[in-house]
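Peer 1: Before I ask anything, here is the structure I am working with.
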Amino acid sequence: QQQVKQSPQSLIVQKGGISIINCAYENTAFDYFPWYQQFPGKGPALLIAIRPDVSEKKEGRFTISFNKSAKQFSLHIMDSQPGDSATYFCAARSAGGTSYGKLTFGQGTILTVHP
Amino acid sequence: DGGITQSPKYLFRKEGQNVTLSCEQNLNHDAMYWYRQDPGQGLRLIYYSQIVNDFQKGDIAEGYSVSREKKESFPLTVTSAQKNPTAFYLCASSMAEYSNQPQHFGDGTRLSIL
Chain A
1316 QQQVKQSPQS LIVQKGGISI INCAYENTAF DYFPWYQQFP GKGPALLIAI RPDVSEKKEG
1376 RFTISFNKSA KQFSLHIMDS QPGDSATYFC AARSAGGTSY GKLTFGQGTI LTVHP
Chain B
18 DGGITQSPKY LFRKEGQNVT LSCEQNLNHD AMYWYRQDPG QGLRLIYYSQ IVNDFQKGDI
78 AEGYSVSREK KESFPLTVTS AQKNPTAFYL CASSMAEYSN QPQHFGDGTR LSIL
């Protein structure tokens, strides 16, 4: 079964600091890597996404770094704010076979930003 | 506003009972999905549907059933065969399964056992 492994499980950062969440995948048949942000009692919302032909994508304070050869990608949150406190999920979309288009999610990281 | 509506927000199931979770979208999306969320396990795919009257099993379909009679609606039934149904259930939709369009999620239904 295709897997996406996410770490750390939880993360505590001071306001203004950098939050870094890492994901690794095993199968090369993924063609799209989104990150979702989820607040308690709500559904996940797309935060930022990247394709494997790009090594980095930045949107405001959020940056995805992608290392295709290492099969790893990470989310960096610069100048972390208390409002960023949420659960973050990485995901990978299957590009072929019977699972085409399916999203496989990491286990999630609970981020807490202290004021 | 366009979006995905899940109901009810909270649901309780008795032993041996089937319960149905509602998911309606007005985004004109073709594809719809059901996920189960448990603490520390991320989101796991139960069923998905690309078009009306067609659906496929995901990774954990046992004990669940779905229907897709209308483009806007994708209800999930948690049957009595699902022995551990307590979880947060999320419905999602997207323009088309093979496009770069992201999956949009509803705000979930929390199911508990009485």
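Top to bottom, those sequences are chains A and B.
Reading the first sequence from the start, the letters are residues 1316 to 1430 in the numbering used here.
Reading the second sequence from the start, the letters are residues 18 to 131 in the numbering used here.
Idealized CB from N, CA, C, for every residue including glycine.
(1) For my contact list, I1365 (chain A) and F1348 (chain A) are in at a C-beta cut-off of 8 Å; report their separation, rounded to the angstrom.
(2) Look up D1368 (chain A) in the DSSP assignment and say whether it is helix, strand or coil.
(3) For P92 (chain B), name the three-state secondary structure that DSSP assigns.
(4) Would you be able to state if there are at least three C-beta pairs under 8 Å between the region 91-107 of chain B and the region 32-43 of chain B?
(5) With distances taken between CB atoms, is the gap from Y50 (chain B) to A104 (chain B) smaller than 9 Å?
(6) Does the beta carbon of A1364 (chain A) sit closer than 9 Å to a beta carbon anywhere in chain B?
(7) For the beta strand (DSSP E) that H46 (chain B) lies in, which residues bound it at each end?
(8) L128 (chain B) CB to nearest chain A CB: under 9 Å?
(9) Anyone know if the C-beta pair for C1338 (chain A) and F1377 (chain A) falls short of 9 Å?
(10) Give a yes or no on whether 9 Å exceeds the smallest Cβ distance from K1357 (chain A) to chain B.
(11) Which chain A residues sit within Cβ distance under 8 Å of P119 (chain B)?
(12) If we cut at 9 Å on Cβ distances, does Y81 (chain B) have a partner in chain A?
(13) According to DSSP, simplified to helix, strand and coil, what is P1349 (chain A)?
(14) Quick one: which residues of the region 51-68 of chain B get their C-beta closer than 9 Å to a C-beta of chain A? List them in chain order.
(15) Does chain B have any CB closer than 9 Å to the CB of G1296 (chain A)?
(16) Please list, in chain order, the chain B residues whose beta carbon lies closer than 8 Å to that of G1421 (chain A).
(17) Among the residues of its own chain, which have a CB less than 8 Å from the CB of V69 (chain B), if the five just before and after it don't count?
(18) Measuring CB to CB, does S90 (chain B) end up less than 9 Å from Q42 (chain B)?
(19) Hey, out of B:P56, B:E79, B:G80, whose CA is closest to F1404 (chain A)'s CA?
Peer 2: On the basis of the supplied data:
(1) 5 Å
(2) In this structure, D1368 (chain A) counts as coil in the three-state DSSP scheme.
(3) coil
(4) yes
(5) no
(6) yes
(7) Where H46 (chain B) is concerned, there is no enclosing beta strand (DSSP E), given that its DSSP letter is neither H nor E.
(8) no
(9) no
(10) yes
(11) P1349, L1361, A1364
(12) no
(13) strand
(14) Y52, Q54, P56, G57, Q58, G59, L60, R61, L62, Y65, Q67
(15) One cannot answer for residue 1296 (chain A) here, as it falls past the ends of chain A, which runs 1316 to 1430.
(16) Here the neighbours are G59.
(17) Correct list, in chain order: R85, E86, K87, K88.
(18) yes
(19) B:P56
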